[in-house]
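Take the sequence shown: its position 117, counting from 1, is numbered 220 in our numbering, and each next residue is one higher.
Here a beta-carbon is modelled for each residue, glycine too, at the ideal position from N, C-alpha and C.
These numbers come from a predicted model, not from an experiment.
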Amino acid sequence: MTESDTAGLVPSEPEGEQDEVSVRRFGNCASVFCDPTTRAHRLIVLVFLCFLAFGSYYCFDNPGALQSQIENVMQVKAAEFSSLYSWYSWPNTVLCFAGGFLIDRVFGIRLGAFLFSFIIILGQVVFAMGAFLNRFWLMQFGRFIFGVGGESLAVAQNTYSVAWFKDKELNTVFGLQLSISRLGSTANFMTMPFLYAAVAKLYPGFTGLGVSLLIAASWCVMSMLCAVVLAILDRRAQRIMGREDAMTGEVVKLTDVRYFPKTFWLLCFICVSYYVTIFPFIGLGTVFFQRKYQFSAVEANSVDSVPYLISAFASPVFGILVDLLGRNLIWVTVAVFGTLAAHSLLAFTFLNPWVAMVLMGLMYSLLACAFWPLVAMVIPEHQLGTAYGIMQSVQNLGLAVIAMVSGMIVDSSGYFVLEVFLMAWLCCSLIACLMLVLVNAKQGGVLNQSRLKKD
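Rendered as structure tokens:
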């Protein structure tokens, strides 16, 4: 994003004089909340901004929260069930390149956010209709539509954040967005089993499943209303302050790939080999906890959602820790090793699974905070759009493939073999981390500098 893209939201007056300016402009103290240059008004924007993606995160893991119900009602095996996650990821192997372009050049941020929110609702409704009509292929198609809107809405959310909070509270805003989004994921696991149980008493079978998924879509409607409010507030700010439309500023040039260093490709491999051990496992985890630990559906969903719940609160804390200490690559290596330990506890012991899932949640949060800034350390700023696009594309490709393979493994060999399979990926990720440590040391150690050396 260029400086002019957010110039209208960066007042020329010092921060301490903003309230005086707004009072003179609007007439009284209460009107400070109406002045788009003030912190009070930005706080109002922040509330709607944080809940813009809440519905998307809530509905993304609807299949995981209702795994046993979907498999029983729709008469599908784990491989078919896991395809509901694969179909979400497939479109994002391409759309991660196109999302920023569509916002910048085609729709604009306001129409783009609304349109992507509507696509998410459409996908969830089609998903629910597949259950209503007892057509599993229609449920898969609904998840594909849902995926088209989901990742692109995240791009729109980030664009709004930069436009309103650049040079102000941007880091805090990104942390709050992640926290609220992950609370949406946690709320899904906590509430959907109760919702389905209540609905199934009135509408048994696939009708009850469809009604439950349709009710869940109401959260997506709430998020679309947030998009409408944000569009109104953003348009008003543009009119009052004469600023330009917000843009992502992302420039994707695939020809830049030939200039990327080998450290970037090692980071891509670490990204894929790590995240495929988190999301596919959580998606299939409910039945695992029911079978191995004899948990009820509610108990299984509770423990399965722990990584999301912990990340909602731990991510800001770990972000501050990494900012203060540096040493990003060491933290990434620790996170991979800790996640390997968590999966080992689940595979080889009968220790209370809360211990392993809490550890997994902490390590997942730590890796997210330490890993993604590494890309900006090895790739020049003018190539970051391409770099992040490639990494997200490869990540979604890995998630789509491994989700399907994981379901096949569960059907053919059970969850123990699945855990061994996931641990093998973590071992590969750990080896890649150690290789990156050696390569980085030979190249000056920029990825592992302490905060003191950076300053």
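Assign residue i to buried or exposed, taking buried as 16 or more other Cβ atoms, counted over all protein chains shown, within 10 Å of its Cβ.
i, result
"residue 421", "buried"
"residue 431", "buried"
"residue 160", "buried"
"residue 240", "exposed"
"residue 181", "buried"
"residue 389", "buried"
"residue 520", "exposed"
"residue 106", "Confidence at residue 106 is low in this model, with a pLDDT of 38, below 50, so its placement is unreliable and the value that follows should be read with caution. Exposed: under 16 other Cβ atoms inside 10 Å."
"residue 128", "Since pLDDT at residue 128 reaches only 49, below the 50 mark, its modelled position is unreliable, and the value read off the structure follows with that caveat. Burial call: exposed."
"residue 164", "buried"
"residue 406", "buried"
"residue 176", "buried"
"residue 423", "exposed"
"residue 453", "exposed"
"residue 485", "exposed"
"residue 457", "exposed"
"residue 418", "buried"
"residue 372", "buried"
"residue 334", "buried"
"residue 132", "Only weak support is given to the placement of residue 132: the predicted model assigns it a pLDDT of 49, under 50, and the question is left unresolved by the model."
"residue 187", "buried"
"residue 194", "buried"
"residue 362", "exposed"
"residue 301", "exposed"
"residue 599", "Nothing can be reported for residue 599, as the shown portion of the chain is limited to 104 through 558."
"residue 537", "exposed"
"residue 130", "Interpretation of residue 130 is limited by its pLDDT of 49, a score under 50 that renders its predicted location unreliable; the figure taken from the coordinates is listed afterwards. That one is exposed."
Along the chain, where does the alpha helix (DSSP H) that runs through residue i open and close?
i, result
"residue 147", "142 to 153"
"residue 414", "409 to 428"
"residue 205", "First-last for residue 205: undefined, no H or E at that position."
"residue 434", "431 to 451"
"residue 456", "456 to 481"
"residue 385", "382 to 396"
"residue 44", "Lying outside 104 to 558, the shown extent of the chain, residue 44 is not represented and no answer is given."
"residue 170", "170 to 176"
"residue 160", "157 to 163"
"residue 368", "365 to 378"
"residue 548", "Unbroken run through residue 548: none, as it is neither H nor E."
"residue 190", "181 to 192"
"residue 220", "212 to 235"
Check this for me: beta carbons of residue i and residue j, under 9 Å apart or not?
i, j, result
"residue 330", "residue 216", "yes"
"residue 478", "residue 370", "yes"
"residue 336", "residue 259", "no"
"residue 247", "residue 261", "no"
"residue 283", "residue 367", "no"
"residue 312", "residue 172", "yes"
"residue 292", "residue 404", "yes"
"residue 523", "residue 185", "no"
"residue 223", "residue 308", "no"
"residue 487", "residue 439", "no"
"residue 299", "residue 387", "no"
"residue 210", "residue 332", "no"
"residue 564", "residue 279", "Because the chain here runs from 104 to 558, residue 564 falls outside it and cannot be looked at."
"residue 436", "residue 540", "yes"
"residue 502", "residue 384", "no"
"residue 220", "residue 374", "no"
"residue 169", "residue 296", "yes"
"residue 250", "residue 190", "yes"
"residue 429", "residue 546", "no"
"residue 449", "residue 268", "no"
"residue 492", "residue 200", "yes"
To the nearest whole angstrom, what separates the beta carbons of residue i and residue j, a pair I think is in contact under 8 Å?
i, j, result
"residue 443", "residue 530", "7 Å"
"residue 229", "residue 244", "6 Å"
"residue 226", "residue 252", "6 Å"
"residue 231", "residue 316", "4 Å"
"residue 533", "residue 446", "In fact, because the Cβ distance is near 12 Å, the residues do not count as touching under 8 Å."
"residue 549", "residue 494", "The pair is not a contact, with the Cβ atoms about 18 Å apart (cut-off 8 Å)."
"residue 255", "residue 328", "The pair is not a contact, with the Cβ atoms about 18 Å apart (cut-off 8 Å)."
"residue 542", "residue 473", "About 17 Å; that fails the 8 Å criterion."
"residue 275", "residue 359", "Not really, about 31 Å apart at Cβ, beyond 8 Å."
Hey, is residue i's beta-carbon within less than 9 Å of any beta-carbon in chain C?
i, result
"residue 534", "This model lacks chain C altogether; it includes just one protein chain."
Stretch-stretch touch, CB-based, cutoff 8 Å, three pairs: the region 497 to 504 with the region 377 to 386: yes
Per the contact definition of three or more C-beta pairs closer than 8 Å, is the region 458 to 466 in contact with the region 403 to 416? yes
Taking contact to mean at least 3 C-beta pairs separated by less than 8 Å, is the region 283 to 301 in contact with the region 207 to 227? no
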